[in-house]
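Quick note, the sequences are listed as chains G and P, same order. Here the numbering used here is used: position 36 in the first sequence is 39, and no number is missing along the way. Here the numbering used here is used: position 5 in the second sequence is 63, and no number is missing along the way. Glycine included, C-beta positions come from ideal geometry on N, C-alpha and C. Bear in mind that the values here come from a model prediction, so they are computed numbers and not experimental data. The block underneath contains the structure these notes are about, expressed in structure tokens.
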Amino acid sequence: DTAVSQTPKYLVTQMGNDKSIKCEQNLGHDTMYWYKQDSKKFLKIMFSYNNKELIINETVPNRFSPKSPDKAHLNLHINSLELGDSAVYFCASSLRTGGGGNQPQHFGDGTRLSIL
Amino acid sequence: SQQGEEDPQALSIQEGENATMNCSYKTSINNLQWYRQNSGRGLVHLILIRSNEREKHSGRLRVTLDTSKKSSSLLITASRAADTASYFCATDAGGAQKLVFGQGTRLTINP
């Protein structure tokens, strides 16, 4: 009964490959997010969707493409992976947007992406 | 750029002692949140404090907010080994539709 679940937990792949990370939340939340946490633990938002609509798109290379088939799912596809993409990627959800700071966010346990 | 910056970056105390972590931010805010991250896990929400609140409690946690100094503190009383984790503050950066996180304080509780 995990609230926010991401798959896979670990992803080890070669430079230049394309990979996807999946996220699902069973909390009935309207808003979902993707974050990137680097080796220094700095957590930065990448994308946010509210009820399947993209509302935040930070300065992220267009090799990263989020897709939200419904409000319970937000997937992240990454093309042409580079060494600098190595990080932990977190999915999160919140009850609603209207100021991202208004609501607690619930995080998945992360996907550890390592580029060889 | 980072909105919140935690201080200290690392803190090591004995079990039973109190732990205080500080967060400073740059722009005005509507809300500030504190999160905990255990090693290898996702962030867990602890407390949300609104800009018109000065103090908030939850169990052994006490959060204060001073908007005039653009700072907040998280106090954990009677610390336990299970409190070992990284603690992050996050702000809405003046109503932006996102949270902006600091780099966290790494707290170690020694038995």
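Under 7 angstroms between the Cβ atoms of P:D150 and P:N89? In contact: P:D150 and P:N89 (Cβ atoms closer than 7 angstroms).
Inter-residue CB distance, G:L79 and G:F67 (contact presumed, cutoff 8 angstroms): Contact flag correct, Cβ pair sits at about 7 angstroms.
Verify the CB distance criterion: does G:D67 have a CB-CB separation below 7 angstroms to chain P? The residue you asked about is not Asp; residue 67 of chain G is Phe in the sequence shown. It does not; no Cβ of chain P falls within 7 angstroms.
Assign P:A139 to one of three DSSP states: helix, strand, or coil. In this structure, P:A139 counts as helix in the three-state DSSP scheme.
Could you please give the first and the last residue of the uninterrupted beta strand (DSSP E) stretch that includes G:L116? G:L116: member of the beta strand (DSSP E) spanning 114-118, first to last residue.
Kindly list, in the order they appear in chain P, the residues whose Cβ is closer than 8 angstroms to that of G:K43. Per Cβ cutoff of 8 angstroms: Q161.
Which residues in the same chain as G:V91 place their Cβ atom closer than 6 angstroms to its Cβ, once the five residues preceding and following it in sequence are excluded? If we look at G:V91 and ignore the five residues flanking it on each side, its Cβ neighbours are Q40, G113, R115.
Can you list the residues of chain G that P:S144 reaches, using a CB-CB cut of under 7 angstroms? By Cβ distance, chain G contributes K44.
Could you tell me whether the segment 86-105 of chain P touches the segment 119-131 of chain P, using the rule of 3 or more Cβ pairs below 8 angstroms? Yes: the two stretches touch, three or more of their Cβ pairs being nearer than 8 angstroms.
Closest by CA to G:S97, which one among G:D88, G:S89, G:F110? Taking G:S97 as reference, the option from G:D88, G:S89, G:F110 with the minimal CA-CA separation is G:F110.
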